[in-house]
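Asker: Residue numbers (the working numbering): 3 to 102.
Idealized CB from N, CA, C, for every residue including glycine.
Remember, it's a predicted structure, so these values are computed and weren't measured experimentally.
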């Protein structure tokens, strides 16, 4: 199952808190389309989505994304300008990251 680093959990929570006023709000990952995943803030998941929670952050995985993201780690970085960049990596969860 997809895991989130502590940084990813913090960034997801910040994005959702800023854009979505819903207790079930989270980020939804869909795809891949042309090798890329789409990420959007949503008020809740869609039927059939898999919910991944970590540190209060909610990430909904579209059914087609679940298999592709199995055993992957989602990390996030914020630039000094405030731009967010998500990265996916294969492997085990780093010791400082919470498992999902």
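Taking all protein chains shown into account, do 16 or more other C-beta atoms lie within 10 angstroms of the C-beta of residue 58, making it buried, or fewer, making it exposed?
Answerer: Classification of residue 58: exposed, given that the 10 Å Cβ count is below 16.
Asker: Going straight from the alpha carbon of residue 10 to that of residue 78, what length do you get?
Answerer: Roughly 5 Å separates the two Cα atoms.
Asker: Grouping DSSP H, G and I as helix and E and B as strand, with all else coil, what is residue 75?
Answerer: Three-state DSSP puts residue 75 in a strand.
Asker: Once DSSP output is grouped into helix, strand and coil, what is the label at residue 46?
Answerer: It is coil, neither helix nor strand.
Asker: Alpha carbon to alpha carbon, what distance is there between residue 61 and residue 55?
Answerer: Taking the straight line from one Cα to the other gives about 6 Å.
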